[in-house]
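Trainee: If you're matching positions, the sequence shown starts at 140 in the numbering used here and goes up one per residue. All residues carry an ideal CB built from backbone N, CA and C; glycine is no exception. Sharing a structure, written as structure tokens. Questions coming.
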Amino acid sequence: MENGFNHPREGIPYVSSSMEKLFLEIFSLSYDQPLRFRSQVQQRILRSRSLSSKKRQRLSALLYRALRFRETLFPEGMPQSIDLDELESNVEKCEQTPLEVYTELWSKHQDLASLSTALSFPVWMMEIFFRDFGESKAIELAYHLNQEAKIFLRVNQIKTTREKLVAQLEKKKLYMRESDHPWALEVLQRINLRALPEFKKGEFEIQDLGSQMIAWESQVKPRQLVIDGCARTGGKSLAMAMMMNNQGRIIAADVDTRVFDEMEKRAKRSGVSILETAWIAPDDPQPLAQYHEKADVVLVDAPCTGSGTLSRRPWMKWSMQPLFVEELALKQRSILERQSRWVKPGGRMVYSTCSLFDQENQTVIEGFLSDHPEWALSQQKLLMPGASGHDGYFVASLVRQS
């Protein structure tokens with residue numbers, strides 16, 4: 140899996156035809172089975188004993204880098220053979236192409252198909268970006284989604300402070316950059332973060348900056364009852380527990396009980412004792428009825444297309460279809476309706492997605508508010524990916540007035 144850093148060429152040519160064959164076999168999945176891409180990189184490269192560590196890192200990184208620019212590199216489709224050194228040079232050219240090249244291309248030709256190929260995005264997705272953001276911002280958005288994702292840490296203030304953690308890591312010649320966000324650190328070098336004693340002791344979590352900002356927007360406080368209605372493995376639940384000084388209750392709910400083991404391991408490592416897990420049946424019209432009108436804050440981090448995470452998950456560009464957006468918007472609205480019942484009068488509900496599509500975001504909120512006059516919009520934000528290097532997120536805070 141990619142580490143989120145630049146991967147300069149090492150000056151050592153790819154001499155193994157088996158590596159070229161392996162590259163083609165995995166890369167071909169992006170055309171017919173894109174959701175298998177990541178697991179195949181992990182299983183066949185990163186866990187391989189037949190390749191050196193440097194070759195594993197280089198080949199896996201090249202797969203991710205090339206996948207971002209698939210349509211630009213291979214406009215005629217999957218190649219039958221490949222020279223990995225030549226490909227790496229072509230990928231570098233794509234990565235170094237300035238934004239102005241794409242804006243000039245659009246200005247001269249006004250051809251969305253050509254622009255989509257140049258930016259290596261499906262035409263239908265560029266059409267949505269153009270509709271939601273306008274021409275200039277859409278091109279800039281696609282450009283930033285083709286940049287390599289950065290890696291961020293969330294300092295666990297239950298166990299340490301950002302200053303102490305930075306000092307500890309600097310003693311080991313491991314360097315971080317402090318973010319404007321109070322808990323976040325940007326990782327500046329390739330490190331096996333999970334092998335660090337500080338990670339094993341729970342002093343930090345690996346969490347995207349955008350995800351940390353969603354937890355911040357919850358504005359939770361100590362001694363509150365908080366429900367995370369789509370908790371998955373609990374990244375935002377743990378961040379909120381930290382904000383609450385580990386005082387109160389957090390009900391971390393999900394439709395998939397398989398995530399709870401990992402969530403509980405993370406909570407134990409982080410020193411979080413206020414987190415409880417709860418299963419929600421997907422078709423239950425009244426989930427967790429015992430919490431009806433009881434919660435101070437409900438976080439609805441809804442399932443979504445993940446269009447804001449394409450720099451980190453480039454295979455998803457090729458797995459999404461326009462119909463997915465429509466289906467998910469309906470699902471998101473249904474989840475919002477059901478989970479809003481947990482909020483007590485005067486309480487808050489925070490709706491978030493890692494999508495940039497308006498249909499999954501503002502449109503869902505507007506539809507909910509039009510049917511529920513007892514709710515009022517406090518604020519909403521679109522956290523756009525850009526130079527800061529975080530994923531794209533939408534977040535809206537609503538207050539139940541009665």
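Of all the beta strand (DSSP E) runs that stay within the bounds of the region 323 to 382, which reach a length of 3 or more residues?
Mentor: If we require 3 residues or more, the beta strand (DSSP E) runs fully inside the region 323 to 382 come out as 323 to 326, 343 to 345 and 363 to 367.
Trainee: Thinking Glu344 and Thr299 are a contact (beta carbons under 8 angstroms), I'd like their distance in whole angstroms, please.
Mentor: Locating residue 344 in the sequence shown gives position 205, where the first residue counts as 1. Locating residue 299 in the sequence shown gives position 160, where the first residue counts as 1. Not really, about 12 angstroms apart at Cβ, beyond 8 angstroms.
Trainee: Alpha carbon to alpha carbon, what distance is there between Trp355 and Ser541?
Mentor: The residue you call residue 541 lines up with position 402 of the sequence shown. The residue you call residue 355 lines up with position 216 of the sequence shown. Distance between the alpha carbons of Ser541 and Trp355: 25 angstroms.
Trainee: If you draw a straight line from the alpha carbon of Phe507 to that of Glu476, how long is it in whole angstroms?
Mentor: As a position in the sequence shown, residue 507 is number 368, starting the count at 1. As a position in the sequence shown, residue 476 is number 337, starting the count at 1. Computed Cα separation, rounded: 7 angstroms.
Trainee: Taking just the CA atoms, how far does Leu198 sit from Phe162?
Mentor: Numbered from its first residue, the sequence shown carries residue 162 at position 23. Numbered from its first residue, the sequence shown carries residue 198 at position 59. Going by the C-alpha atoms only, they are around 8 angstroms apart.
Trainee: Measure the C-alpha to C-alpha separation of Thr444 and Leu495 and round it to an integer number of angstroms.
Mentor: Mapped onto the sequence shown, residue 444 falls at position 305. Mapped onto the sequence shown, residue 495 falls at position 356. So the two alpha carbons sit approximately 9 angstroms from each other.
Trainee: DSSP on His298, reduced to helix/strand/coil?
Mentor: The residue labelled residue 298 in the question sits at position 159 within the sequence shown. According to the sequence as given, residue 298 is Lys; it is not His. It is coil, neither helix nor strand.
Trainee: Between which two residues does the beta strand (DSSP E) carrying Phe533 extend?
Mentor: Your numbering for residue 533 matches position 394 in the sequence shown. Taken as a continuous stretch (DSSP letters only), the beta strand (DSSP E) holding Phe533 covers Tyr532 to Arg539.
Trainee: What runs of the beta strand (DSSP E), each 3 residues or longer, lie entirely inside the region 442 to 513?
Mentor: The region 442 to 513 contains these whole beta strand (DSSP E) runs: 482 to 492.
Trainee: Measure the alpha-carbon distance for Met383 versus Gln296 and round it to whole angstroms.
Mentor: Numbered from 1 along the sequence shown, position 244 holds the residue referred to as residue 383. Numbered from 1 along the sequence shown, position 157 holds the residue referred to as residue 296. Computed Cα separation, rounded: 11 angstroms.
Trainee: First and last residue of the alpha helix (DSSP H) that includes Leu280?
Mentor: Translated into positions along the sequence shown, residue 280 becomes position 141. Note, Leu280: alpha helix (DSSP H), Glu274 to Leu284.
Trainee: When DSSP builds the beta bridges, which residues end up paired with Arg293?
Mentor: As a first step, residue 293 must be located in the sequence shown, where it is residue number 154. Arg293 is bridged to Ala323 and Glu344.
Trainee: Would you check if the distance between the CB atom of Glu164 and the CB atom of Gln182 is smaller than 9 angstroms?
Mentor: As a first step, residue 164 must be located in the sequence shown, where it is residue number 25. As a first step, residue 182 must be located in the sequence shown, where it is residue number 43. No, the pair does not count as a contact, with Cβ atoms beyond the cut-off.
Trainee: Name, in chain order, the residues that DSSP records as bridge partners for Leu521.
Mentor: Looking up residue 521 in the sequence shown gives position 382. Note: Leu521 sits in a beta bridge opposite Phe533.
Trainee: Looking at C-alpha atoms only, which residue of Ile504, Cys233 and Ile419 is the closest neighbour of Phe282?
Mentor: The count along the sequence shown starts at 1 and reaches residue 282 at position 143. Position check: residue 282 holds Tyr in this sequence, whereas Phe was assumed. It is Cys233.
Trainee: Taking C-beta to C-beta, are Ile278 and Leu226 nearer than 9 angstroms?
Mentor: Mapped onto the sequence shown, residue 278 falls at position 139. Mapped onto the sequence shown, residue 226 falls at position 87. No; because the gap between Cβ atoms is not below 9 angstroms, this pair is not in contact.
Trainee: Would you grab the beta carbon distance between Leu107 and Ala406 for me? Rounded to a whole angstrom, and I think it's under 8 angstroms.
Mentor: Residue numbering for the chain in the displayed model covers 140 to 541; residue 107 lies beyond these limits and cannot be assessed.
Trainee: Whose C-alpha, out of Arg175, Arg362, Gln351 and Thr236, is nearest the C-alpha of Asp530?
Mentor: Taking the sequence shown and counting its residues from 1, the one referred to as residue 530 is at position 391. Ranking Arg175, Arg362, Gln351 and Thr236 by Cα distance to Asp530 puts Gln351 first.
Trainee: Taking buried to mean at least 16 other C-beta atoms within 10 Å of its own C-beta, is Met140 buried or exposed?
Mentor: Reading the sequence shown from its first residue, position 1 is the one you call residue 140. Residue confidence is low: Met140 scores 40 on pLDDT, short of 50, so the model does not pin down where it sits. No coordinate-derived value is stated.
Trainee: Would the beta-carbon of Thr396 be found less than 8 angstroms away from any heavy atom of the ligand NAP?
Mentor: For the structure depicted, the ligand NAP is absent and the ligand set is empty, with no information on it obtainable.
Trainee: Can you tell me whether Asp250 is helix, strand or coil according to DSSP?
Mentor: Residue numbering aside, residue 250 sits at position 111 when the sequence shown is read from its first letter. It is coil, neither helix nor strand.
Trainee: Where does Ala288 fall in DSSP's three states?
Mentor: Walking along the sequence shown from the start, residue 288 turns up at place 149. In the structure shown, Ala288 sits in coil (DSSP, three-state: anything other than H, G, I, E or B).
Trainee: Determine whether the beta carbon atoms of Ser228 and Lys456 lie at a separation below 9 angstroms.
Mentor: On the sequence shown, position 89 is the one that residue 228 refers to. On the sequence shown, position 317 is the one that residue 456 refers to. No, Cβ-Cβ distance for Ser228 and Lys456 is not below 9 angstroms.
Trainee: I need the straight-line Cα distance from Trp245 to Glu274, nearest angstrom please.
Mentor: Position 106 of the sequence shown, counted from the start, is the residue given in the question as residue 245. Position 135 of the sequence shown, counted from the start, is the residue given in the question as residue 274. One C-alpha to the other measures close to 9 angstroms.
Trainee: Leu308 by DSSP, collapsed to three states: which one?
Mentor: For the purposes of this step, residue 308 is taken as the residue at position 169 of the sequence shown. In this structure, Leu308 counts as helix in the three-state DSSP scheme.
Trainee: Hey, how far is the Cα of Leu537 from the Cα of Arg487?
Mentor: Residue mapping note: residue 537 aligns to position 398 of the sequence shown, counting from 1. Residue mapping note: residue 487 aligns to position 348 of the sequence shown, counting from 1. Cα-Cα distance, rounded: 6 angstroms.
Trainee: Taking the alpha-carbon of Tyr490 as reference, which of Val482, Leu467 and Phe533 has the nearest alpha-carbon?
Mentor: Looking up residue 490 in the sequence shown gives position 351. Checked all of Val482, Leu467 and Phe533; the closest Cα to Tyr490 is Phe533.
Trainee: With 16 as the cutoff for other CB atoms within 10 Å, does Asn285 come out buried or exposed?
Mentor: If you number the sequence shown from 1, residue 285 lands on position 146. So Asn285 counts as buried.
Trainee: Tell me whether Thr236 sits in a helix, a strand or coil according to DSSP, three-state version.
Mentor: Taking the first residue of the sequence shown as 1, we reach residue 236 at position 97. Thr236 falls in the coil class under three-state DSSP.
Trainee: Between Ile419 and the rest of its own chain, which residues show a CB-CB distance below 6 angstroms, the 5 nearest in sequence each way excluded?
Mentor: Along the sequence shown, read from residue 1 onward, the residue named residue 419 stands at position 280. Excluding sequence neighbours, Ile419 sits near Ala392, Val394 and Pro426.
Trainee: Tell me which residues share the same chain as Ile221 and place their Cβ nearer than 7 angstroms to its Cβ, disregarding the 5 neighbours each side in the sequence.
Mentor: To locate residue 221, count along the sequence shown from 1; it is residue 82. So the qualifying residues of the chain are Glu159, Phe162 and Leu163.
Trainee: Taking 9 angstroms as the threshold (C-beta atoms), are Ala252 and Trp230 in contact?
Mentor: By 1-based counting over the sequence shown, the position of residue 230 is 91. By 1-based counting over the sequence shown, the position of residue 252 is 113. Going by the sequence as given, residue 230 is Val instead of Trp. Their beta carbons are not under 9 angstroms apart, which means Val230 does not touch Ala252 by this criterion.
Trainee: Name the DSSP beta bridge partners of Ala391, please?
Mentor: Here residue 391 refers to the residue found at position 252 when the sequence shown is read from its first residue. DSSP lists Asp367 and Thr416 as partners of Ala391.
Trainee: Pick helix, strand or coil for Arg186, following the three-state DSSP scheme.
Mentor: By one-based count along the sequence shown, residue 186 stands at place 47. Looking at Arg186 - three-state DSSP - the assignment turns out to be coil, as it is neither helix nor strand.
Trainee: Do you know offhand how far Lys311's Cα is from Leu335's?
Mentor: Sequence index remark: in the sequence shown, residue 311 carries index 172 (1-based). Sequence index remark: in the sequence shown, residue 335 carries index 196 (1-based). Going from the Cα of Lys311 to the Cα of Leu335 covers about 10 angstroms.
Trainee: With distances taken Cα to Cα, identify the nearest neighbour of Asn385 among Gly373, Lys360 and Met402.
Mentor: If you number the sequence shown from 1, residue 385 lands on position 246. Asn385 has its Cα closest to that of Lys360, out of Gly373, Lys360 and Met402.
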